[in-house]
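If you read the sequence shown in the numbering used here, its first letter stands for residue 6, the second for the next number, and so on.
Note that CB positions come from ideal geometry on N, CA and C, so glycine has one too.
Predicted model only: the values in this text are computed from it and were never measured.
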Amino acid sequence: MTLLHALGSIDEVGWLLHPPLIDLLYRLGERSGMSWWKKRWTYAHKQLRALGVEDAVLEQAARDLGRDDPAIAPSGEGRDLAFTEFRTALGGDAEAASRWVQWAERRHLLVRGAPVTCTACSARSWLPMGALPPPVVCIGCGREIDQPFPPNGLSFTYRLGEPLRRVLETDSLGHLLVLRWFAELFDYTGLVGAHPGVTFTDPTTGKDVGEADVILLFPNGDLVPVEVKRRIAGVDPRTLSLMDTLTEALEAPWDALAVTQPARDCPELTPHRRDMPARCRFLLTDDQLHDDDVFWSMGTDPFAWAPRTAEEDRERQRKFVRTIR
């Protein structure tokens with residue numbers, strides 16, 4: 006909810022509907038040394054494969070042990086990236102990148118600052134704009150840095166703002182994408198409200214029944230839970246069992262399962278869809294979640310499984326850049 010408050014409106018989530026930007030934000034939030042860590046995983050994979058371990062076993066073990074999980078740095082740490090990185094993520098369009106970065110700064114998703122290197126001990130630090138005026142004190146040795154900035158100009162870089170860092174740390178950015186999608190889909194058909202991250206407790210036993218990544222509330226009192234996974238690897242029998250338990254406890258008429266990947270990359274998701282007369286379970290992927298205009302027209306199924314091609318996704322990304330320019 007911290008990020009939603011910073012955005013000011015669920016409509017502002019539309020500024021995040023660009024996979025290259027999302028990938029960049031996760032990279033911006035990663036702990037330093039993650040590249041080394043992933044290289045070590047690759048090396049270990051090769052060594053174990055040489056010993057005869059099957060690739061499928063290795064890949065499953067790597068997923069289970071969190072090889073691909075985001076390792077977001079704690080507050081005050083993390084990477085800082087130059088403006089050129091955002092321009093690259095937006096197809097090289099400097100005007101679109103400038104508008105997006107300015108929007109992100111206003112919403113406190115990004116913080117502008119500059120790197121500083123101590124002339125005495127060579128320790129590197131990063132200071133936000135408000136802390137740049139001298140005197141600048143080194144965080145490594147405590148000395149005042151005589152000339153903290155180069156004589157030929159100051160190069161600004163950007164770090165994650167705290168509202169966005171927390172969302173990435175808990176891997177819940179997809180929750181907001183899902184919340185925004187359903188809010189638009191049911192805009193004129195009676196959705197009372199929606200909320201990310203709700204835990205339900207049985208009042209008679211005091212025990213937790215389950216947690217909904219997103220919960221939808223309708224005028225007739227129906228509560229509909231939505232489960233959100235960043236990768237298809239997170240959809241396992243335990244996840245599905247927990248979904249069934251919560252949906253049954255809420256007596257929900259249907260539920261939904263969302264994976265923030267393109268549909269073409271997760272075909273194994275399709276068997277988990279359920280249609281009437283059973284309790285329906287709808288599926289969502291990036292194919293739907295990154296649509297800028299969500300509506301339910303007569304005779305169409307917004308949950309239809311129709312994987313987009315890579316070229317269709319590239320065209321949608323180009324449209325995003327044109328829209329914010």
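Go ahead and label residue i buried or exposed: buried means 16 or more other beta carbons lie within 10 angstroms of its beta carbon, across all protein chains shown.
| i | result |
| --- | --- |
| H295 | buried |
| V172 | buried |
| E189 | buried |
| A136 | exposed |
| F91 | buried |
| S14 | exposed |
| V326 | buried |
| V229 | buried |
| H23 | buried |
| D98 | buried |
| A319 | Per the sequence shown, residue 319 should be read as Arg rather than Ala. Result: exposed. |
| V58 | exposed |
| G38 | Its pLDDT being 47, under 50, G38 is placed unreliably in this model, and the coordinates cannot settle the point. |
| A238 | buried |
| Q107 | exposed |
| E317 | exposed |
Residue j and residue i - do their beta-carbons sit closer together than 9 Å?
| i | j | result |
| --- | --- | --- |
| G166 | L114 | yes |
| L26 | A94 | yes |
| F161 | L196 | no |
| V183 | A268 | no |
| L8 | Y163 | no |
| V264 | K234 | yes |
| D292 | R323 | no |
| D218 | H180 | yes |
| T124 | D151 | yes |
| V240 | F187 | no |
| G19 | D192 | no |
| D28 | R185 | no |
| R117 | P133 | yes |
| R321 | A101 | no |
| T275 | W301 | no |
| R140 | E149 | Checking the displayed sequence, the identity of residue 140 turns out to be Pro instead of Arg. Yes, Cβ-Cβ distance for P140 and E149 is below 9 Å. |
Can you tell which of the options has the C-alpha that lies nearest to the C-alpha of residue i?
| i | options | result |
| --- | --- | --- |
| D227 | G198, T204, R54 and P208 | G198 |
| R286 | S302, L245, A315 and G304 | L245 |
| G158 | V203, I150, L169 and V121 | V121 |
| F154 | F308, T175, V172 and W131 | W131 |
| E273 | D260, P230 and L288 | L288 |
| I144 | Q152, M134, S127 and R243 | S127 |
| L30 | T206, A66 and A109 | A109 |
| T206 | F300, L251 and P139 | L251 |
| P201 | D306, I220 and P133 | I220 |
| V203 | R243, S177, H50 and S302 | S177 |
| R129 | L12, D16, G83 and P242 | G83 |
| A119 | V106, L86 and D306 | L86 |
| L12 | T275, D249, L169 and F300 | L169 |
| D270 | A315, S302 and M303 | A315 |
| T328 | G96, A61, Y48 and T89 | G96 |
| E253 | F308, N225, E216 and V62 | E216 |
| R236 | V299, F88, Q266 and H10 | Q266 |
Could you pull the start and end residues of the alpha helix (DSSP H) that residue i belongs to?
| i | result |
| --- | --- |
| E3 | Any property of residue 3 remains undetermined from this structure, which presents the chain solely from 6 to 330. |
| W108 | A99 to R111 |
| K324 | A315 to I329 |
| S246 | P242 to L255 |
| P133 | It is not in any alpha helix (DSSP H) - P133 instead sits in the beta strand (DSSP E) that spans R129 to P133. |
| E174 | E167 to E174 |
| I220 | I220 -> not in any alpha helix (DSSP H); beta strand (DSSP E) instead, spanning D213 to L222. |
| E90 | F88 to A94 |
| A188 | L178 to L190 |
| L294 | D291 to L294 |
Which residue comes first and which comes last in the beta strand (DSSP E) that contains residue i?
| i | result |
| --- | --- |
| L137 | Note, L137: premise wrong, no beta strand (DSSP E); not H, not E. |
| V203 | G198 to T206 |
| G304 | That residue, G304, is in no beta strand (DSSP E); it is neither H nor E in DSSP. |
| P312 | Run containing P312: none; DSSP gives neither H nor E here. |
| E35 | Segment: none, E35 is in no beta strand (DSSP E) and carries neither H nor E. |
| D260 | W259 to V264 |
| E232 | L228 to K234 |
| W122 | Note on identity: in this sequence residue 122 is Thr, with Trp being the wrong assignment. Its beta strand (DSSP E) spans residues L115 to T122. |
So that I know if they touch, is there some Cβ in chain B lying closer than 9 Å to that of residue i?
| i | result |
| --- | --- |
| L169 | Reference to chain B is not applicable here, since this structure consists of a single protein chain. |
The stretch 255–262 touching the stretch 274–285, judged by at least three CB pairs closer than 8 Å: yes
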